[in-house]
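Trainee: Its first residue numbered 1445, the sequence shown is counted upward by one per residue in our numbering.
This is the structure I want to talk about, given as structure tokens.
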Amino acid sequence: MKLLIDVHAHLDNEKFSHDLNEVIERAKNTGIKHIICNGLDPVSNRSILKLAEKYPEIKLALGIYPIECLKFSDDEIDAEIDYIRKHKNSIVGIGEVGIDYHWDKTTEGHEKQKKAFLKFILLAKELDVPLIVHSRDAEADTVEILELQGCKKVVMHWFQELRKIDGTCQSRQMLLCLAISRKLSKV
Ligand SMILES: [Zn+2]
């Protein structure tokens, strides 16, 4: 039987609240052994930690979605990073993190997103786990930051312009996640 791992899911989404058992059962029946749920914010991180206690198929990446970072102070982001650090034995990655200039057009917001992204990169390096990266309309800055930080364990989960990141990803053996349904969802 083939062995598959779904590297990016949000099974804490309310859409799954009524039939999560069936969703996971269907995934298992298609050969998916593990589903990596990504956290979007502190609430989501705590929700998926609970899901992982119930479903052994669920593995975790904890983080804060780039646009969600704009809602939190530096201290609140640092507190969440401490929370993730305390749960390091429960995670397989840091995600969903990154930079998104599509939903945020402000210079101030871009700087805040980049600052938060850097913190999560340093956390991933400290814990020696992969990053699961969302980059929308921000490929050049994303690649520059990942390059400067020497990141190697990276799954590029969302990106708009393959040609801007392909060379870097290939040279660093990053994984490109080609989402065929990406126009249907903003996360
Ligand atoms: Zn996502």
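Quick reminder that beta carbons are idealized off the backbone N, C-alpha and C, glycines included.
None of the values given here were measured: they were computed from a predicted structure.
Could you give the first and the last residue of the continuous beta strand (DSSP E) run that contains A1453?
Mentor: Where A1453 is concerned, the enclosing beta strand (DSSP E) stretches over 1448 to 1453.
Trainee: Excluding the 5 residues flanking R1626 on each side, which residues of the same chain have their C-beta closer than 6 Å to its C-beta?
Mentor: Confidence at R1626 is low in this model, with a pLDDT of 44, below 50, so the placement of that residue should be treated as unreliable; the coordinate-derived value is given next. Nothing listed; no residue qualifies.
Trainee: Considering only residues of the stretch 1573 to 1605, which uninterrupted beta strand (DSSP E) runs meet the minimum length of 3 residues and lie entirely inside it, listed in chain order?
Mentor: Correct list: 1575 to 1580, 1598 to 1602.
Trainee: From the DSSP output, which residues share a beta bridge with A1496?
Mentor: None; A1496 has no bridge partner.
Trainee: Suppose contacts are defined by Cβ-Cβ distances below 8 Å. Is E1497 in contact with K1472 by that definition?
Mentor: Result no, Cβ atoms of E1497 and K1472 do not sit closer than 8 Å.
Trainee: Return the CA-CA distance between L1455 and V1536, expressed in angstroms with no decimal places.
Mentor: Between L1455 and V1536, the C-alpha separation is close to 16 Å.
Trainee: Between the alpha carbons of N1457 and L1484, how many angstroms are there, rounded?
Mentor: Their Cα atoms are separated by approximately 10 Å.
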